[in-house]
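Chains as they are written, first to last, in full-length UniProt numbering: chain A, 1 to 346; chain B, 1 to 346. Even for Gly, the Cβ is constructed at its ideal location relative to N, Cα and C.
There are 2 protein chains.
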Amino acid sequence: MAARRPRARGVTVEDVARVAGVSRQTVSNALNAPHRLKPETLERVSAVIEELGYRPDQSARSLRSGTRRIIAYPAPVDDPANPNALMGGFLEAVVAASGEAGYRVLLVRPRPGQSQEQALDELIAARTVDGFLLSDVLRDDPRLAHLTRAGFPFAAFGRTGPDQPQSWVDVDSAQAMIDMVGLVAARGHRRVAFLASSSGLPWMDDRRDGFLAGVRRHGLAGQVYSVPGDDPGEIVRATRELLTGRDRPTAIVAGGDWLALGVYTVARAEGLEIGTDLAVAAFDDLPVTAWLQPALTTVRLPLHRIAKALISRLLQIIEDGVTPRAGLVLPGEPVVRPSLGPPNAL
Amino acid sequence: MAARRPRARGVTVEDVARVAGVSRQTVSNALNAPHRLKPETLERVSAVIEELGYRPDQSARSLRSGTRRIIAYPAPVDDPANPNALMGGFLEAVVAASGEAGYRVLLVRPRPGQSQEQALDELIAARTVDGFLLSDVLRDDPRLAHLTRAGFPFAAFGRTGPDQPQSWVDVDSAQAMIDMVGLVAARGHRRVAFLASSSGLPWMDDRRDGFLAGVRRHGLAGQVYSVPGDDPGEIVRATRELLTGRDRPTAIVAGGDWLALGVYTVARAEGLEIGTDLAVAAFDDLPVTAWLQPALTTVRLPLHRIAKALISRLLQIIEDGVTPRAGLVLPGEPVVRPSLGPPNAL
DNA sequence: GAAGATCGTTTGAACGTTCATATCCGACGC
DNA sequence: GCGTCGGATATGAACGTTCAAACGATCTTC
Numbered sequence: 001m002a003a004r005r006p007r008a009r010g011v012t013v014e015d016v017a018r019v020a021g022v023s024r025q026t027v028s029n030a031l032n033a034p035h036r037l038k039p040e041t042l043e044r045v046s047a048v049i050e051e052l053g054y055r056p057d058q059s060a061r062s063l064r065s066g067t068r069r070i071i072a073y074p075a076p077v078d079d080p081a082n083p084n085a086l087m088g089g090f091l092e093a094v095v096a097a098s099g100e101a102g103y104r105v106l107l108v109r110p111r112p113g114q115s116q117e118q119a120l121d122e123l124i125a126a127r128t129v130d131g132f133l134l135s136d137v138l139r140d141d142p143r144l145a146h147l148t149r150a151g152f153p154f155a156a157f158g159r160t161g162p163d164q165p166q167s168w169v170d171v172d173s174a175q176a177m178i179d180m181v182g183l184v185a186a187r188g189h190r191r192v193a194f195l196a197s198s199s200g201l202p203w204m205d206d207r208r209d210g211f212l213a214g215v216r217r218h219g220l221a222g223q224v225y226s227v228p229g230d231d232p233g234e235i236v237r238a239t240r241e242l243l244t245g246r247d248r249p250t251a252i253v254a255g256g257d258w259l260a261l262g263v264y265t266v267a268r269a270e271g272l273e274i275g276t277d278l279a280v281a282a283f284d285d286l287p288v289t290a291w292l293q294p295a296l297t298t299v300r301l302p303l304h305r306i307a308k309a310l311i312s313r314l315l316q317i318i319e320d321g322v323t324p325r326a327g328l329v330l331p332g333e334p335v336v337r338p339s340l341g342p343p344n345a346l
Numbered sequence: 001m002a003a004r005r006p007r008a009r010g011v012t013v014e015d016v017a018r019v020a021g022v023s024r025q026t027v028s029n030a031l032n033a034p035h036r037l038k039p040e041t042l043e044r045v046s047a048v049i050e051e052l053g054y055r056p057d058q059s060a061r062s063l064r065s066g067t068r069r070i071i072a073y074p075a076p077v078d079d080p081a082n083p084n085a086l087m088g089g090f091l092e093a094v095v096a097a098s099g100e101a102g103y104r105v106l107l108v109r110p111r112p113g114q115s116q117e118q119a120l121d122e123l124i125a126a127r128t129v130d131g132f133l134l135s136d137v138l139r140d141d142p143r144l145a146h147l148t149r150a151g152f153p154f155a156a157f158g159r160t161g162p163d164q165p166q167s168w169v170d171v172d173s174a175q176a177m178i179d180m181v182g183l184v185a186a187r188g189h190r191r192v193a194f195l196a197s198s199s200g201l202p203w204m205d206d207r208r209d210g211f212l213a214g215v216r217r218h219g220l221a222g223q224v225y226s227v228p229g230d231d232p233g234e235i236v237r238a239t240r241e242l243l244t245g246r247d248r249p250t251a252i253v254a255g256g257d258w259l260a261l262g263v264y265t266v267a268r269a270e271g272l273e274i275g276t277d278l279a280v281a282a283f284d285d286l287p288v289t290a291w292l293q294p295a296l297t298t299v300r301l302p303l304h305r306i307a308k309a310l311i312s313r314l315l316q317i318i319e320d321g322v323t324p325r326a327g328l329v330l331p332g333e334p335v336v337r338p339s340l341g342p343p344n345a346l
């Protein structure tokens, strides 16, 4: 068995050196430290490299130099009930940003029966990657604690603890929410509800806190409504309760576009016209919102800037050993669309 | 600058050998060929491996053995106008399937200014990966031609050419569509339209051909309607044209859920009740369809089976040098929901 | 009882690169 | 003329693993 095909021998540094009439090290320098070569030597060697199509063997390079040029991204589990459609866009941005820096992204996930920490340890111990990029960071996320203890480079989309590396980047959800509530207040609304998913996720809490701060600042009557679970059925049920109770809010701010989908569904069933009878705003700007009628007012996340900043911070740790002193907060951008109603609706 | 942190020396095979009182190779065998060891030796060595937390250095292993245990997945560009939400689910399935086989997934994308083939070549020449997993395969896909010429292992989600390795897996879209048209016909519909995105994508053509075959078989009046582009505006415009023209179809089969979203939007605007005035069916079963009212009849793709089959075929090529003689076709599963209307609607 | 055969283990080499150091060579200072 | 410097290139070693082959012990076989 295992009729392994004959090992595909590639072009090595030795081959290039022979053809160019220089030594191994000179070829290596042509790629890694071109300034050390006399211009004419560099040109000659480069020509031969091009001609033979030489690429340094990644394994050999890693073994000797200790650098892999690979970043691991522990993929959040994609719950079909609550597809983190944001993940698609974020991953996209991460791949682009790391590609530009000459790094590649390795998608990892714990094997069945393996804890998250064990999965990280395996990658560290086998020296497979140079660092980790984390997203969906929880409060007291065990992964952060573990990587901090191991002293292994990482960067996180979402705030880390005070005694952990401040290599995080996050969106100023609170401010974006305050702005959003301001827009709602400017349209004359007084009774406003925040629709949250329950689970105590940090980003949801930030958005809720921002909502509450906005409500306080603008002297509105604000109410927080939590959905017990993540699936459409539960969201619809909770939203219906909210919209059919007494003192129905005239505006709903949802903690995410996914929740806003439920608001649209219920509003339609109850004969409420969004933008007129009910103002709706949300968060994330998922692609699917392009289909909503009327178009949804929401907060757009600067995913490309986030990814770029994360990669930049991570590489600073990996390549220069410099850990950022403070996290980076980027603004979310409220995008006003008809679901909020005209400027002076009430 | 570059205050590179001191190289984190890990546990090596030598350390384990010393502690266990055996040779390097015996430790290596304990991991790679346990049957060669006397049971008691194996146990002793395993215990030391466990105790010291030894993991073979991936780079060293790759360098010597020529196998990387990494599969590259060229990530389709995630067009925000037509988010391949399927990609999320498929990628998910691929990561799971390859993880089970002990392989990891490297996400790759051509650098700016780099062609797809060049990006593949770079990975091949640098010996970074063992094989490629391709999706969104086009007719005469240049990537397939290139990998075939290079003799490099790959597996494709989508049919390959006749002179290329038959290492593909695909969904029997045509049959699923024929079945779907059967369901439509059984509900008494006679004028049926197929809504396609234009771009000449193989999977869309397969679905269209299946539709036409179904229409012929059931003696219906079938019409194919192509949307010039992919963004919501165009889809809505084309759909409106279709639904407001004379001889309006009583049933629409969309080439994808994304297109069906347009049908829902237009139907609502035109006052047509889906499931009563208009039957709607589609393809893909994206998560977002959970929000549609009434629920959408669509074709579910066996993404996990597909991913498993792809990985299995790819590893057979990589590890055993065996190229499958024929492609594998898996059935799509029509899921009947209220959008199709009750069994005898007309 | 000697010549194989089998099993379990060890030994030396090799994978392809980069690090650390050495060597060469021309220029310069005294 | 001699020593010194500095830039450009070359040499030997090392990274940690697995391969290929050798080794020693125990078991068959005639």
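| query | result |
| --- | --- |
| Within-8 Å CB hit, Asp140/A to chain B | no |
| Beta strand (DSSP E) segments (min. 3 residues) lying fully within the region 244-280 of chain A | 251-254 |
| Own chain, CB closer than 8 Å to Leu37/A, minus 5 neighbours either side, in chain order | Thr26, Asn29, Ala30 and Val45 |
| Closest residue to Gly229/A among Gly222/A, Gln223/A and Ala238/A (Cα-Cα distance) | Ala238/A |
| C-beta contact flag for residue 402/B and Leu286/B at 8 Å | What the structure shows of chain B is the stretch from 1 to 346, and residue 402/B is not part of that stretch, so it cannot be assessed. |
| Proximal chain B residues relative to Glu122/A, where beta-carbon distance stays under 8 Å | Arg55 |
| Alpha carbon of Ala156/B to alpha carbon of Arg268/A, nearest angstrom | 43 Å |
| Near-chain A residues of the UniProt domain "HTH lacI-type" (11-65) of chain B - C-beta to any C-beta below 7 Å | Gly53, Arg55, Pro56, Asp57, Gln58, Ser59, Ala60, Ser62 and Leu63 |
| Sufficient close CB pairs (3 or more, under 8 Å) joining the region 49-60 of chain A to the region 117-127 of chain B | yes |
| Helix, strand or coil at Leu107/B [DSSP, three-state] | strand |
| Range of the contiguous alpha helix (DSSP H) that encloses Asp231/B | Where Asp231/B is concerned, there is no enclosing alpha helix (DSSP H), given that its DSSP letter is neither H nor E. |
| 8 Å CB neighbourhood of Val13/B in its chain, flanking five on each side removed | Arg24, Val27, Ser28, Tyr54 and Pro56 |
| Pro64/A burial status per 10 Å Cβ neighbour count (16 or more: buried) | First, the amino acid is wrong: residue 64/A is Arg here, not Pro. Arg64/A comes out exposed. |
| Close Cβ partners of Pro142/A (< 7 Å) along its chain, the five nearest in sequence each way excluded | Gln116 and Glu117 |
| Span separating the alpha-carbon of Arg69/B from that of Val129/B | 7 Å |
| Contacts of Ala295/B in chain A (Cβ-Cβ under 8 Å) | Those do not exist, as Ala295/B stays about 10 Å from chain A at its closest Cβ, beyond 8 Å. |
| Helix, strand or coil at Gln166/A according to DSSP, with G and I counted as helix | coil |
| Residues in the region 224-238 of chain B having any Cβ partner in chain A nearer than 7 Å | Pro232 |
| Within-8 Å CB hit, Arg325/A to chain B | no |
| Check whether Leu107/B and Val95/A have beta carbons under 8 Å apart | yes |
| Positions along the region 279-305 of chain B whose CB lies within less than 8 Å of some CB in chain A | Pro287, Val288, Ala290, Trp291 and Gln293 |
| Counted within 10 angstroms of its Cβ, other Cβ atoms place Glu51/A as buried (16 or more) or exposed | exposed |
| At least three beta-carbon pairs within less than 8 Å, the region 149-169 of chain A to the region 177-190 of chain A | no |
| Chain B contacts from the region 87-105 of chain A (Cβ-Cβ distance under 8 Å) | Met87, Gly88, Gly89, Leu91, Glu92, Val95, Ala96, Gly99, Glu100, Arg104 and Val105 |
| Own chain residues within Cβ distance below 6 Å of Asp206/B, not counting five before or after | Ser173 and Ala174 |
| According to DSSP, residues forming a beta bridge with Thr298/B | Val335/B |
| Start-to-end residues for the beta strand (DSSP E) that takes in Phe152/B | Note, Phe152/B: premise wrong, no beta strand (DSSP E); not H, not E. |
| Terminal residues of the beta strand (DSSP E) in which Ala193/B lies | Arg191 to Ser197 |
| Proximal residues to Gly271/B (C-beta, below 8 Å), its chain only, five neighbours per side dropped | none |
| DSSP beta-bridge partners of Val329/A | Asp170/A |
| Cβ contact check for the region 288-295 of chain B and the region 309-322 of chain B: 3 or more pairs under 8 Å | no |
| For Gly210/A, the nearest candidate out of Arg337/A, Pro342/A, Pro162/A and Val299/A (CA to CA) | Val299/A |
| Cβ pair His218/B, Ala176/B closer than 8 Å | no |
| Residues near Arg305/B by beta carbon distance below 8 Å, same chain, minus five either side | Leu330 |
| Where Pro287/B sits in the DSSP three-state scheme | helix |
| Chain-ordered residues of the region 127-160 of chain A with a beta carbon less than 7 Å from chain B | Arg127 and Thr128 |
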